[in-house]
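The numbers in our numbering rise by one with no breaks, and the one at position 107 of the sequence shown is 96. No residue lacks a Cβ here, since even glycine has one placed at the ideal position from N, Cα and C. To keep things clear, I will list the structure first and then write my remarks on it.
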Amino acid sequence: MRERLAAAVTDLVPKINVLGHVAAVAAYREGDARLQALLQYLEANRDFLVTEVPRRLPGMTLAAAEATYLAWLDCREARIPGGDPFTFFLDRAKVALNDGRLFGPGGDGFVRLNFGAPRALLTEGLERMARALAVR
């Protein structure tokens, strides 16, 4: 009976490795400073986008991010060929965004941008997108 119980429990309870457990405990006990620094960095990246999207990407607007590090970009006024900003920016700028259509019927003409990235990478992505829009 003990063997059957052990086999049943194996499928119900996930196994955790010791290093993962120690890392999780350390993060909860001592990670507040790191978390605060990360939140400040993400906020600065969000503010950067609020300033730079209208300046660099004509016809595009940015919805205010409320709780994540994901920006919702409205591309409907940008006159993107074919009306598909996801494919346009992937093919022409080599910038991978999330296709707004994946989020429901109102997502046509929108893309989602992850700004939880180094500022240099974010800047490069905006520059590539701006160049693609300039030569459309």
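Residue environment for Ile5: exposed (fewer than 16 other C-beta atoms within 10 angstroms of its C-beta).
Remark: three or more beta-carbon pairs, one from each stretch, lie closer than 8 Å, so the segment 94 to 103 and the segment 41 to 59 are flagged as touching.
Judged by beta-carbon spacing, Arg81 lies within the 7 Å limit of Ala121, meaning their Cβ atoms are closer than that value.
Membership of Thr112 in the alpha helix (DSSP H) is indicated by the continuous run Arg108 to Ala123. For Leu111 and Val39, the gap between their C-alpha atoms comes out near 13 Å.
If you look at Arg23, you'll find it isn't in any beta strand (DSSP E); it sits in the alpha helix (DSSP H) that goes Asp21 to Arg45.
Distances from the CA of Met118 to each of Arg44, Leu24 and Arg23 were compared; the closest alpha carbon is that of Arg44. Taken through DSSP and simplified to helix, strand or coil, Phe99 comes out as strand. Within 10 angstroms of the beta-carbon of Leu24 lie fewer than 16 other beta-carbons, which makes it exposed. According to the DSSP secondary-structure assignment, Leu51 is paired through a beta bridge with Leu62.
If you look at Phe78, you'll find it isn't in any alpha helix (DSSP H); DSSP assigns it neither H nor E. The beta carbon of Tyr30 sits closer than 6 Å to no other beta carbon from its chain once the five residues preceding and following it are set aside. By the neighbour-count criterion, in which a residue is buried when 16 or more other Cβ atoms sit within 10 angstroms of its Cβ, Val42 is buried. Going by C-alpha positions, Asp97 is about 6 Å away from Gly89.
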